[in-house]
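Engineer: Sequences listed follow chains A and B, in order.
Under my numbering, the first residue of the first sequence is numbered 2, with each subsequent residue one higher.
Under my numbering, the first residue of the second sequence is numbered 2, with each subsequent residue one higher.
Built from N, CA and C at the ideal position, the CB exists for glycine as well.
Since the structure is predicted, the reported quantities are computational estimates derived from the model, not experimental observations.
There are 2 protein chains.
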Amino acid sequence: MAASMLKVALGNRALSSGARDALWKLGRLNHVAIAVPEMEKARSFYREMLGARVSEPVALPEHGVLTAFVELGNAKLELLEPLGPDSPIRRFLQKNRGGGMHHICIEVDHLPAAVEQLRAREVRTLSREARIGAHGKPVIFLHPKDCGGVLVELEEA
Amino acid sequence: MAASMLKVALGNRALSSGARDALWKLGRLNHVAIAVPEMEKARSFYREMLGARVSEPVALPEHGVLTAFVELGNAKLELLEPLGPDSPIRRFLQKNRGGGMHHICIEVDHLPAAVEQLRAREVRTLSREARIGAHGKPVIFLHPKDCGGVLVELEEA
Chain A
2 MAASMLKVAL GNRALSSGAR DALWKLGRLN HVAIAVPEME KARSFYREML
52 GARVSEPVAL PEHGVLTAFV ELGNAKLELL EPLGPDSPIR RFLQKNRGGG
102 MHHICIEVDH LPAAVEQLRA REVRTLSREA RIGAHGKPVI FLHPKDCGGV
152 LVELEEA
Chain B
2 MAASMLKVAL GNRALSSGAR DALWKLGRLN HVAIAVPEME KARSFYREML
52 GARVSEPVAL PEHGVLTAFV ELGNAKLELL EPLGPDSPIR RFLQKNRGGG
102 MHHICIEVDH LPAAVEQLRA REVRTLSREA RIGAHGKPVI FLHPKDCGGV
152 LVELEEA
């Protein structure tokens with residue numbers, strides 16, 4: 002984990018002061034994304050079994066996914082079905098055939114500042130630039146190996 | 002997924018009417034649990050790298066875990082480090098050495114009614130009875146094979 006590497010490189014004091022001087026702030030948990038092999042089965046589970054409100058599916062061909070949201074009041078689950086041959090979740094579903102938790106999305110108040118500071122601290126991003134996400138806002142993914150095995154999406158609030 | 006099996010057994014009409022007549026209601030997303038091999042590295046990542054508020058670790062020997070919470074305002078991340086030889090997350094970490102998303106916890110207003118209705122619809126629970134969870138409230142886990150590959154914890158709100 003990059004945190005531990007930096008701890009060695011900079012010492013605790015530098016890390017703590019970095020957190021205090023941050024030019025950006027972490028915000029709410031926007032959603033938990035769940036990869037699903039069959040969107041209609043997944044929508045039916047959350048709607049009929051758990052009684053949740055579930056949105057209609059929306060295709061996002063530029064992201065290679067079909068998406069639908071499960072509304073839990075304070076946060077959402079984002080159901081993701083692969084769309085197209087180059088879908089970024091196709092490999093995940095090959096390893097996890099029944100589906101599973103894919104990533105978490107946390108809001109930040111200033112995405113460029115967050116990306117710059119995290120990169121300076123050796124947290125990698127999966128793409129060079131932010132892209133426009135499912136909510137029409139800039140998003141970027143952090144490398145799971147630098148985030149304790151968790152794929153973290155940051156979204157500009 | 003059990004939803005699809007029931008669809009075959011009962012037809013869409015019965016499932017829809019079941020959801021409307023529910024004796025319990027799904028509530029907020031309480032937390033996303035993340036299994037971590039080293040609690041202090043994980044706490045440091047969320048605190049120093051992401052600037053989040055992170056609680057002190059608390060040992061829950063009866064659950065076989067050391068826990069700490071990352072406060073995101075609307076919801077929490079629950080960091081889980083294995084505690085003791087029979088920890089329920091030890092096997093997960095053998096498969097996912099760097100850590101990873103372990104389960105989601107959703108609140109319900111009436112846990113016994115939820116369990117009874119879900120069991121009647123062939124959604125299995127991992128234990129026969131609810132237990133007292135990290136927040137001092139009754140919790141039960143649903144079988145991930147019946148929930149699209151996601152380990153779902155229900156907590157009485």
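(1) By how many angstroms is the C-alpha of residue 152 of chain A removed from the C-alpha of residue 145 of chain A?
(2) Would you mind stating whether residue 51 of chain B and residue 27 of chain A have Cβ atoms separated by less than 7 Å?
(3) Closer than 6 Å by C-beta to residue 82 of chain B: which residues in its own chain qualify, once you throw out the five before and the five after it? Chain order, please.
(4) Go ahead and pull the three-state DSSP assignment for residue 114 of chain A.
(5) Based on the DSSP output, what are the partners of residue 37 of chain B in its beta bridges?
(6) Considering only the beta carbon of each residue, do residue 76 of chain B and residue 24 of chain A sit closer than 7 Å?
(7) Considering just the uninterrupted stretch of the alpha helix (DSSP H) at residue 94 of chain A, what are its terminal residues?
(8) How many Å lie between residue 87 of chain A and residue 71 of chain A at the Cα?
(9) Residue 99 of chain B and residue 150 of chain A: beta carbons closer than 7 Å?
(10) What residue range does the beta strand (DSSP E) around residue 50 of chain B cover?
(11) The beta strand (DSSP E) with residue 101 of chain B in it runs from where to where?
(12) Below 7 Å between beta carbons: does that hold for residue 80 of chain B and residue 69 of chain B?
(13) Hey, out of B:122, B:112, B:43, whose CA is closest to residue 139 of chain B's CA?
(14) If you reduce the DSSP assignment to three classes, tell me which class residue 60 of chain A lands in.
(15) Grouping DSSP H, G and I as helix and E and B as strand, with all else coil, what is residue 83 of chain A?
(16) How would you label residue 105 of chain B, buried or exposed, when you count the other beta carbons within 10 angstroms and need 16 or more for buried?
(17) Any idea which residues DSSP pairs residue 132 of chain B with across the strands?
(18) Quick one: residues in its chain with C-beta nearer than 6 Å to the C-beta of residue 78 of chain B, no 5 flanking neighbours on either side, listed in chain order?
(19) Sorted by chain position, which residues of the same chain lie with C-beta nearer than 6 Å to residue 44 of chain B's C-beta, five sequence neighbours on each side aside?
(20) Mind pulling the chain B residues with CB within less than 8 Å of residue 40 of chain A?
(21) Starting from residue 126 of chain B, follow the beta strand (DSSP E) in both directions and report where the run begins and ends.
(22) Quick one: what's got a C-beta closer than 8 Å to residue 141 of chain B's C-beta in the same chain, skipping five residues either side?
Structural biologist: Taking the definition as stated:
(1) 4 Å
(2) yes
(3) 37, 40, 67
(4) helix
(5) Answer is none; residue 37 of chain B lacks a bridge partner.
(6) no
(7) 91-96
(8) 25 Å
(9) yes
(10) No beta strand (DSSP E) contains residue 50 of chain B, which DSSP labels as neither H nor E.
(11) 101-109
(12) yes
(13) B:112
(14) strand
(15) strand
(16) buried
(17) B:140
(18) 33, 35, 71
(19) 55, 69
(20) Chain B residues near residue 40 of chain A: none, gap ~10 Å exceeds 8 Å.
(21) That residue, residue 126 of chain B, is in no beta strand (DSSP E); it is neither H nor E in DSSP.
(22) 112, 116, 126, 127, 128, 130, 131, 132, 154, 155
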